[in-house]
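Number 37 in the UniProt record's numbering belongs to position 37 of the sequence shown; there are no gaps in the numbering.
Glycine is no exception: its CB is placed at the ideal position from the N, C-alpha and C atoms.
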Amino acid sequence: MKFPRPTAARINVSGDAAPDIVWQRYITPATWSSWSPQIRSVDYPHRTIRAGTAGMVHAIGGVRVPFRIEQVDPDERRWVWAVKPLGLSMRLVHTVEDQAAGSRTGLEVSGPPLVVHGYALASAVALHRLVRR
């Protein structure tokens with residue numbers, strides 16, 4: 001059986017929230033459900049994300065998504081995690097940048113093509129909410 005080649009998609013969204021606020025929302029798993037409508041809750045052992053740690057996202061429809069935080073760089077406002085929705089491996093790179101009137105967040109997601117493109121569409125809504133005041 002031949003599997004499709006992994007692919008990647010990139011999304012950038014700008015908003016009026018300050019970069020430090022957006023970064024705090026990103027690194028605090030307890031807040032993820034407040035801006036990401038596909039997330040119902042998160043089980044995570046720490047208040048903020050740390051490299052080398054793992055948790056579980058509880059998504060809509062009762063889907064449980066295990067994840068592992070790979071990198072966190074507060075100076076660059078960049079973090080990377082690996083997720084396994086429905087047993088499929090994906091890697092997500094998140095960034096937050098200063099902008100004249102707020103911030104810009106970027107997401108690069110890589111993995112199986114159908115999952116990547118579906119996730120990219122759902123993420124656009126979440127990212128718009130993330131960067132709003």
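Rounded to whole angstroms, I49 and A82 show a C-alpha spacing of 13 angstroms. Its chain contains G102, S103, V131, R132 and R133 as the residues whose beta carbon lies nearer than 7 angstroms to that of A17, once the 5 sequence neighbours on both sides are disregarded; these appear in chain order. In this structure, the beta-carbon distance from L121 to V109 does not fall below 7 angstroms. Take the alpha-carbon of V96 and the one of A30: they are about 19 angstroms apart. Taking the CA atoms as reference points, A51 sits about 30 angstroms from A100. Taking all protein chains in view, the Cβ of I60 is surrounded by fewer than 16 other Cβ atoms within 10 Å, so the residue is classified as exposed. Relative to the Cα of P66, the nearest Cα in the group A54, P6 and Y26 belongs to A54. The C-beta distance from S123 to I39 rounds to 11 angstroms, too long to meet the 8 angstroms contact threshold. With distances taken between CA atoms, W79 lies nearest to T28 out of V115, T28 and P85. As the crow flies, the alpha-carbon of R25 is around 33 angstroms from that of R5. When the Cα atoms are used, S33 and G111 turn out to be separated by approximately 23 angstroms.
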